[in-house]
Amino acid sequence: MTQIFKDSDTDLAHRAKWFTGRVAIYGALSLWAFIALFPIYWTLTTSFKKAPDVMKGAMVPWVDYRPDWLGWKSLGLSPATIGQESTVRAEFLGRFMNSLTISVSASVLAVILGSLAAYGLSRFSYKFLWMKNSDISFFFISQLILPPVVLALPFLVLYKELALLDSRIGLILLYTLTVLPIVIWIMRDQFAGIPTELEEAALVDGLSIWGAFLTIVLPIALPGMVAALILSLVLTWNEYFFAALLTSTHANTLPVMVASQTGSQGISWWSMAALSWAAILPLIVIGVILERYIIKGMAAGAVK
Numbered sequence: 000m001t002q003i004f005k006d007s008d009t010d011l012a013h014r015a016k017w018f019t020g021r022v023a024i025y026g027a028l029s030l031w032a033f034i035a036l037f038p039i040y041w042t043l044t045t046s047f048k049k050a051p052d053v054m055k056g057a058m059v060p061w062v063d064y065r066p067d068w069l070g071w072k073s074l075g076l077s078p079a080t081i082g083q084e085s086t087v088r089a090e091f092l093g094r095f096m097n098s099l100t101i102s103v104s105a106s107v108l109a110v111i112l113g114s115l116a117a118y119g120l121s122r123f124s125y126k127f128l129w130m131k132n133s134d135i136s137f138f139f140i141s142q143l144i145l146p147p148v149v150l151a152l153p154f155l156v157l158y159k160e161l162a163l164l165d166s167r168i169g170l171i172l173l174y175t176l177t178v179l180p181i182v183i184w185i186m187r188d189q190f191a192g193i194p195t196e197l198e199e200a201a202l203v204d205g206l207s208i209w210g211a212f213l214t215i216v217l218p219i220a221l222p223g224m225v226a227a228l229i230l231s232l233v234l235t236w237n238e239y240f241f242a243a244l245l246t247s248t249h250a251n252t253l254p255v256m257v258a259s260q261t262g263s264q265g266i267s268w269w270s271m272a273a274l275s276w277a278a279i280l281p282l283i284v285i286g287v288i289l290e291r292y293i294i295k296g297m298a299a300g301a302v303k
């Protein structure tokens, strides 16, 4: 009988420990989710505030303040103005297309070039002067150490000579170089986790190296490539420094427009919030649609 009571106490202790651990884990995750999502919530609610509501820090709609379409009206995107002509809305759509074209083109190009470079680094042995594969990989990732301001003057002079200032192609090439080291680093780990025996079997079956890469390796590495693509999209979509430096009118992107929401009366917080929300909404949609690929890429070790 004593043993039965001891077993019962032990089982209750294990259950209490398991329950406490679960509460701690979900509590920490809930806290982190609140911290991560609060800026998005604040941005969305601010777009529906008037100036006094912004200044007094009202947070809860219909409790602390009454929502208004002031921010969206200033962009021509409110229900009352969406059917009317608006120069601000036309400018927003132009900047949106610039951001979309530049970020998607640069990200796709970086993933293609980065995947090829990463595949070579994971499958073949190279030596350039004293540098081997590990040194070459570190050289790529070390390019991120340089602050953008160091490259400002060289790129400004170079783009002026090449007539690439205020052009989409100029930003596409620059953004490709910017995110290429990250893509190479991610995809190198992704390809390294794929057994070489699969390619050897494909070569025995008569496929070429390119055939084995396209038909065997690429489908397996697809989740990692999608994860790298999404990361590249986020980085290029939100880039501000070079977009503000190298463009003026024709190739300006959304981050430049968001930063320009200032005037003689100060910062138009409601307009900036509405514009910011409209700018991040496509990234949210892409993340939701491609969520399963992101999870697969993380599970496969593509994101570390």
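For the sequence shown, numbering that gives the first Met the number 0 begins at 0 and goes up steadily by one.
By construction, the Cβ of each residue, glycine as well, lies at the ideal position given by its N, Cα and C atoms.
Everything numeric in this text was worked out from a predicted model, so none of it was measured.
Length of the line joining the Cα atoms of residue i and residue j
i    : j    : result
P60  : P38  : 15 angstroms
L197 : V22  : 44 angstroms
L161 : L155 : 10 angstroms
W17  : R187 : 38 angstroms
T261 : A50  : 14 angstroms
G20  : F33  : 20 angstroms
S267 : V216 : 51 angstroms
P218 : S77  : 44 angstroms
R291 : I285 : 11 angstroms
A250 : N97  : 6 angstroms
A242 : S207 : 42 angstroms
L28  : A35  : 10 angstroms
L173 : L115 : 19 angstroms
V257 : G82  : 23 angstroms
G205 : P281 : 44 angstroms
L30  : I24  : 10 angstroms
W209 : K72  : 54 angstroms
I288 : I279 : 15 angstroms
I193 : G119 : 13 angstroms
L143 : G223 : 20 angstroms
F123 : I185 : 17 angstroms
G169 : I183 : 22 angstroms
G113 : H13  : 49 angstroms
T42  : V53  : 11 angstroms
W129 : G93  : 48 angstroms
Y40  : L213 : 43 angstroms
W65  : G265 : Note on identity: in this sequence residue 65 is Arg, with Trp being the wrong assignment. So the alpha carbons of these two residues sit roughly 23 angstroms apart.
Where residue i sits in the DSSP three-state scheme
i    : result
T214 : helix
K72  : helix
P51  : helix
W17  : helix
Q40  : For the sequence presented, residue 40 should be read as Tyr rather than Gln. Residue state, collapsed to three classes: helix.
T261 : strand
I279 : helix
P254 : helix
Y64  : strand
L234 : helix
G300 : Because the pLDDT of G300 is 46, which lies under 50, any placement of that residue in the model is unreliable, and the number read from its coordinates should be weighed accordingly. In the structure shown, G300 sits in coil (DSSP, three-state: anything other than H, G, I, E or B).
Nearest-angstrom beta carbon gap, residue j and residue i [assumed within contact, 8 angstroms]
i    : j    : result
I135 : F127 : 7 angstroms
S270 : G70  : 5 angstroms
L253 : F137 : Contact flag wrong, Cβ pair sits at about 34 angstroms.
A211 : L221 : Their Cβ separation, rounded to whole angstroms, is 15 angstroms, which puts A211 and L221 out of contact at 8 angstroms.
F190 : A117 : 6 angstroms
G75  : V87  : 5 angstroms
Distance cut-off 7 angstroms: residue i Cβ against heavy atoms of the ligand ATP
i    : result
G169 : Absent from the structure shown: the ligand ATP. Ligands present: none.
CB contact check: residue i to chain D, cutoff 8 angstroms
i    : result
A242 : Going by chain labels, chain D is absent from the structure shown, which holds only one protein chain.
Using 8 angstroms as the threshold, is the segment 228-239 in touch with the segment 97-106, meaning 3 or more CB pairs across them?
-> yes
Check whether the segment 219-230 touches the segment 146-155, counting contact only when three or more Cβ pairs, one atom from each stretch, lie closer than 8 angstroms.
-> no
The segment 174-190 contacting the segment 106-116, beta-carbon criterion three pairs below 8 angstroms = yes
Cβ pair count under 8 angstroms reaching 3, the segment 260-279 against the segment 44-62 | yes
Along the chain, which unbroken stretches of the alpha helix (DSSP H) at least 4 residues long are found entirely within the segment 145-232?
-> 147-160, 167-191, 195-203 and 208-211
Which whole runs of the alpha helix (DSSP H) in the segment 72-144 are 4 residues long or more, in chain order?
-> 86-122 and 132-141
Say whether the segment 161-170 touches the segment 243-255, bearing in mind that this needs 3 or more beta-carbon pairs closer than 8 angstroms, one atom from each stretch.
-> yes
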